[in-house]
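Last residue of the sequence shown: 418 (numbering that gives the first Met the number 0), numbering continuous. Here is the structure we will look at, set down as structure tokens.
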Amino acid sequence: MKVLIVGGGGREHAIVWKIAQSSKVHKIYCAPGNAGTDGLAENVPIPATDIEALLEFVKSKKIDMTIVGMDDPLMLGIVDRFEEENCPIFGPHKAAALIEGSKVFAKDFMQKYNIPTAAYKVFQQYDEAIAYLGDINYPIVVKADGLALGKGVLICNTYQEAEEALKSIMIEKKFGTAGSRVVIEEFMVGHEVSVLAFCDGNTLVPMVSAQDHKRAYDGDKGLNTGGMGTFSPSRYYSKDIAEQCMNKIFLPTIRGMKEEGRPFKGILFFGLMLTKDGPKLLEYNARFGDPEAQVVLPRLKTPLVDIIQACIDGELMKVNVEWYDDAAVCIVCASGGYPVNYEKGYKISGLNKFHNNKEVIVFHAGTTSDGGQVVTNGGRVLGVTAIGANLDAAINKSYNAVKEIYFEHMHYRNDIGRK
Ligand code: AMP
Ligand code: GLY
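Next up, the structure:
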């Protein structure tokens, strides 16, 4: 079977790596891919958002399955378009991807289906939003409605900070039309856990839990990033909490989306906060997390391609999804200055030490090949994943591996997995 993966980050490298382990798959393409997917897959220089060019490519190569890693093509309706042409594809339709694409939609949906979440209010008018700021307790969280590369969420400790946040989103339009509506919500305290789930529209199968480290620097200091490292499993996601999440959050979501006429097929990502009043939902994403995929997929025992095929066919119920007990840790090596300003084009050394290593996998994110030499090409450059019998073993293994890798101005956090 021939498979195309759409995207070019660390998450897509992890998907390619996992798919490549299936004996059913004899050819993988990745569009556009990176220096890490090159070899395992054939990189195709088509941007992930050029849906018509991707469709043409899939038809010309007679590709049996397309897996969408990134959010942008999903929001643009890649799944709807491929299905119109009878090309099998894994991901939510545009109508279902709105669960990530609009925070207002997501919050109203949670409220309608009684899914525990932070109390909130939606504003379209700047003056009304400002007036509301006088009546509430701080901290609060201000969120732009639409996609903003993970930067549209601002935690405000004071009235002044909240006023600044509203001004930047609603007046200065820092995130463009993503900020034409805002959500102002209660600040929740607790441990954050990411749980991803396979969905076929009717059935939902949660994956093992993971924890992300969103801030750029040690001790959760600095700006929010796409994620500086992850580990799996979470230390706080007990069986009891998992059961509460299943009954109060996951199942109401898959059922609610069906009821709304937006059945969700694809990967549904639940961003959870474990509060003293029980688990609450922060947000949904309509795709694998990055770098959550880099710790969850190495723990998956059942062939990924079989699970995805079952989701496409609406037969997820028939699959027994199994996991390894091992722990996994992923440390992101970023370009110095990320997430603000950083340079590209630095040579990366030390990568060949990990070829064919079963316990340390270096997933590429922002990398490219310059005349055979792998060089940096983005903010998050590599995700170094290690697998161990427990979290401590995996943490040590991944930090030892990171020390073998070098590029100029390389930055990583020293406290991944210590939460
Ligand atoms: P989101 O994109 O909605 O997940 O927000 C990004 C990050 O902001 C989350 O991962 C949390 O760390 C933080 N955050 C968002 N909403 C809240 C909230 N209501 N209370 C506390 N932290 C939050
Ligand atoms: N790591 C968080 C995300 O993928 O959105």
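Idealized CB from N, CA, C, for every residue including glycine. All of these numbers come straight from a predicted model, not from anything done at the bench.
Using 8 angstroms as the threshold, is the C-beta distance between residue i and residue j below it?
| i | j | result |
| --- | --- | --- |
| Tyr405 | Gly378 | no |
| Val78 | Arg180 | no |
| Leu228 | Cys329 | First, the amino acid is wrong: residue 228 is Gly here, not Leu. Going by C-beta atoms, Gly228 is nearer than 8 angstroms to Cys329. |
| Ala164 | Val141 | yes |
| Pro251 | Ile394 | no |
| Ile62 | Lys1 | yes |
| Phe122 | Val320 | no |
| Leu315 | Val204 | yes |
| Lys23 | Val304 | yes |
| Ile386 | Asp325 | yes |
| Pro419 | Ile45 | In the structure as shown, the chain begins at 0 and stops at 418. Residue 419 is therefore absent and cannot be evaluated. |
| Tyr112 | Gly260 | no |
| Asn413 | Asp217 | yes |
| Leu281 | Gly270 | yes |
| Glu160 | Met272 | no |
| Ile415 | Val373 | no |
| Leu54 | Glu84 | yes |
| Gly100 | Leu146 | yes |
| Val359 | Lys396 | yes |
Can you tell me whether DSSP reads residue i as helix, strand or coil?
| i | result |
| --- | --- |
| Lys357 | coil |
| Thr36 | coil |
| Leu146 | coil |
| Thr224 | coil |
| Cys86 | coil |
| Lys17 | helix |
| His363 | strand |
| Val207 | coil |
| Val24 | coil |
| Leu281 | strand |
| Thr229 | strand |
| Val43 | coil |
| Phe104 | helix |
| Thr176 | helix |
| Ile415 | coil |
| Tyr119 | strand |
| Phe269 | strand |
| Ser167 | helix |
| Val320 | coil |
| Asp199 | strand |
| Ile404 | coil |
| Met420 | No information on residue 420 is available, as it lies outside the stretch 0 to 418 that the chain covers here. |
| Asp305 | helix |
| Lys441 | Only positions 0 to 418 of the chain appear in the structure, and residue 441 is not among them; the question remains open. |
| Met256 | helix |
| Arg286 | coil |
Below 8 angstroms CB to CB, which residues in the same chain sit around residue i once its five sequence neighbours on both sides are set aside?
| i | result |
| --- | --- |
| Val57 | Leu3, Thr65, Phe81 and Cys86 |
| Val361 | Gly35, Leu350, Phe353, Leu381, Gly382, Val383, Thr384, Ala400 and Ile404 |
| Gly365 | Gly8, Asn33, Ser334, Lys343, Thr375, Asn376, Gly377, Gly378, Arg379 and Val380 |
| His408 | Ser334, Gly335, Gly336, Tyr341, Glu342 and Tyr345 |
| Val318 | Val204, Thr301, Asp305, Ile306 and Ala309 |
| Gly76 | Ile50, His92 and Lys93 |
If you compare alpha carbons, which of the options is closest to residue i?
| i | options | result |
| --- | --- | --- |
| Thr202 | Asp134, Val294 and Asp312 | Asp312 |
| Glu41 | Asn33, Ala34 and Tyr28 | Tyr28 |
| Phe89 | Met256, Gly178, Val5 and Pro205 | Val5 |
| Leu73 | Ile154, Lys264, Ala388 and Ile129 | Lys264 |
| His212 | Leu222, Met206, Val204 and Ser368 | Leu222 |
| Lys172 | Ala143, Pro91, Asp71 and Ser59 | Ala143 |
| Leu267 | Tyr131, Arg286 and Asn355 | Arg286 |
| Glu127 | Glu162, Ile248, Gly370 and Asn355 | Glu162 |
| Gly178 | Tyr125, Ser237 and Thr224 | Tyr125 |
| Tyr137 | Tyr119, Asn156, Arg234 and Ser397 | Asn156 |
| Ala130 | Ala147, Tyr112 and Lys166 | Lys166 |
| Ala95 | Gly149, Val152 and Glu258 | Glu258 |
| Met245 | Arg298, Ile139 and Lys279 | Lys279 |
| Lys418 | Gly151, Asp391 and Glu83 | Asp391 |
| Ile248 | Leu54, Ala19, Val67 and Gln110 | Gln110 |
| Pro297 | Asn356, Asp107, Lys60 and Leu132 | Asn356 |
For residue i, which residues of its own chain have a beta-carbon under 7 angstroms away from its beta-carbon, when the five flanking residues on both sides are left out?
| i | result |
| --- | --- |
| Thr274 | Met187, Val188 and Gly189 |
| Val15 | Ile4, Ile27, Cys29, Thr36, Leu39 and Ala40 |
| Asp71 | Ala47 and Thr48 |
| Lys220 | Arg214 |
| Gly277 | Pro115 and Gln243 |
To which residues of the same chain is residue i closer than 6 angstroms at the C-beta, ignoring the five residues directly before and after it?
| i | result |
| --- | --- |
| Ala117 | Glu184, Glu185 and Met187 |
| Ala105 | Ile98 and Tyr283 |
| Ala209 | Ser193, Thr229, Ser231, Glu291, Val294 and Val295 |
| Met69 | Gly6 and Ala47 |
| His92 | Val78 and Asp79 |
| His410 | Ala333 and Gly335 |
| Ser21 | Pro302 and Val304 |
| Lys120 | Ile183 |
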